[in-house]
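Data first, discussion second: the structure below is written as structure tokens.
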Ligand code: UDP
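Numbering (the working numbering), first residue to last: 23 to 348.
Structure, rendered in structure tokens:
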């Protein structure tokens, strides 16, 4: 059992990971400023409402608990917004991570699992994408995460920090045991928007139909949030056991187009998805699919959710129990 600080633990992937860590027997404290996350996602008695840039509050938190490691989720995540407000993304994501690393240094915490993203690759040259592909983000969100990865790499080289960076592909679904799910405000992600369209009858917009893909819509690698949570626990356990660390893709290796996701939602719900075709969204690569052999081999990580339908069904179960009719 380890004593862990989870930043961004009130968010979607962070809260699933907190619940999974507790199940695995770890002791967890959550740091979240609630700018995006929700207090109701955090297990009772574990929330500390603190901003990463508040050094005094960070010192208080680190002094009150002898953390052995940090899992760092706290970040803004909307690709489109990052292109409109890059300053906020660099300040919050890259600057916030630096502030966290400073606090860790002040308090002698030398292990971190970092929530990175497939957006570091930009428009990949090889698909499925291996970790050593060129890193050429095409939006400030991806760059803000890559800058943090670069910082981690140098701290590891120069000061012995141990880190794992997990480059997620498209997190989706929900874990019914935990009662948490995808609730961004505003929602920008495809699967929850499709499910909301079914409930409301208001169409979801498909962003672009002229990509170089079989049906013209973007292809993504959807990975269940519970499988991602498990990847974090495995990465943490590995670092705690003296593992070297490194950078890993976290995806299933299977790609689905936007239209295929719509068809899967129709199959799961038995209802038609109202949708319209729209313009491309700035900063969207055509295809992002992971080569996750490294994660599977090194950490023995095997995604349990194998089909898109299973993933969408778990999202639908959450949406059906939490919808406010919007
Ligand atoms: N997408 C879409 N309509 C929407 C939201 C997303 O067509 O209203 C597409 C988007 O262009 C991308 C895919 O769905 O190809 C997944 O987007 P999402 O925002 O869920 O995740 P991202 O790939 O940006 O991490």
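All C-beta atoms, glycine included, are put in the ideal place defined by N, C-alpha and C.
Within 10 angstroms of the beta-carbon of residue 109 lie fewer than 16 other beta-carbons, which makes it exposed. Contact annotation: residue 255 and residue 29 have beta-carbon atoms that are not nearer than 9 Å. Fully contained in the segment 246 to 288 are the following beta strand (DSSP E) runs of length 3 or more, in chain order: 268 to 272. The residue among 321, 320, 318 and 290 with its C-alpha nearest the C-alpha of residue 339 is 290.
Residue burial annotation: residue 148 is exposed, with fewer than 16 other C-beta atoms found within 10 angstroms of its C-beta. The residues 102, 105 and 161, in chain order, have a CB closer than 8 Å to that of residue 304 in the same chain once the five nearest residues on each side in sequence are set aside. Within 8 Å of the C-beta of residue 97 there is not a single heavy atom belonging to the ligand UDP.
Taking residue 164 as the centre and dropping the five residues before and after it, the same chain places the C-beta of 139, 141, 142 and 144 closer than 7 Å to its C-beta, in chain order. Judged by DSSP secondary structure, residue 81 falls within the alpha helix (DSSP H) whose first and last residues are 77 to 86. In the structure shown, the three-state DSSP call for residue 115 is helix. Runs of the beta strand (DSSP E) spanning 3 or more residues and lying entirely within the segment 137 to 219 occur at 184 to 190 and 192 to 194, in chain order.
Residue 68 is not a Cβ neighbour of residue 92, given a cutoff of 9 Å. Counting along the chain, residue 229 sits inside the beta strand (DSSP E) bounded by residues 226 to 229. Counting of Cβ neighbours within 10 angstroms places residue 240 among the buried residues, the total reaching 16 or more.
Of the residues 301, 96 and 90, the one whose Cα lies closest to the Cα of residue 73 is 96. Taking the Cβ of residue 230 as the reference point, at least one heavy atom of the ligand UDP falls within a distance shorter than 8 Å.
Taking the CA atoms as reference points, residue 23 sits about 13 Å from residue 260. Nearest to residue 128 by alpha-carbon distance, out of 25, 77, 171 and 156, is 77. In the assembly as shown, residue 252 is a buried residue. Its beta-carbon has 16 or more other beta-carbons within 10 Å.
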